[in-house]
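Trainee: A single structure is presented below for examination.
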Amino acid sequence: MKLKNLKKTIVFGVLFSACISLNVANAANQVDISQDDSEVHIESVVDNEISPHADQIITKFRRYNNVLQYRRWNATKGYWVDPDWIDMD
Numbered sequence: 022m023k024l025k026n027l028k029k030t031i032v033f034g035v036l037f038s039a040c041i042s043l044n045v046a047n048a049a050n051q052v053d054i055s056q057d058d059s060e061v062h063i064e065s066v067v068d069n070e071i072s073p074h075a076d077q078i079i080t081k082f083r084r085y086n087n088v089l090q091y092r093r094w095n096a097t098k099g100y101w102v103d104p105d106w107i108d109m110d
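Okay, structure coming up:
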């Protein structure tokens, strides 16, 4: 029983030592960046153009049996807003 505990202790010690040595090696590879070494470039873009954030609704027209009709199409999401054509007259 003591031999089994000794093996577990040795394996744990080896794994723990490996983790510590990897952390030390990783810390040694880190580079310290001072403020003098770094430059920050900030660009701001002023867009004077209006950009839509709401759905774009397009009205479609047709003449059916000599009656002018319309129906709205959601160009943003790609579906008909109105379920049926609506008569204009």
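Counting from 22, one number per residue, gives the positions in the sequence shown under my numbering.
We treat Cβ as the ideally placed atom computed from N, Cα and C, and that holds for glycine.
Strictly by DSSP, which residues pair up with residue 82?
Mentor: Start at 1 with the first residue of the sequence shown, and residue 82 comes out as number 61. Bridge partners of residue 82: 91.
Trainee: Can you name, in chain order, every residue of its own chain whose Cβ lies under 7 Å from the Cβ of residue 98, other than the five neighbours on each side?
Mentor: Start at 1 with the first residue of the sequence shown, and residue 98 comes out as number 77. Within the same chain, residue 98 has close Cβ partners 76.
Trainee: Considering only the beta carbon of each residue, do residue 103 and residue 90 sit closer than 8 Å?
Mentor: Locating residue 103 in the sequence shown gives position 82, counting from the first residue. Locating residue 90 in the sequence shown gives position 69, counting from the first residue. No, these two residues do not count as a Cβ contact at 8 Å.
Trainee: Report the three-state DSSP secondary structure of residue 71 (helix, strand or coil).
Mentor: Position 50 of the sequence shown, counted from the start, is the residue given in the question as residue 71. Coil.
Trainee: So, for residue 82: in the same chain, excluding its five sequence neighbours on each side, which residues have a beta-carbon less than 6 Å away from its beta-carbon?
Mentor: For the purposes of this step, residue 82 is taken as the residue at position 61 of the sequence shown. Cβ neighbours of residue 82 beyond the five flanking positions: 91.
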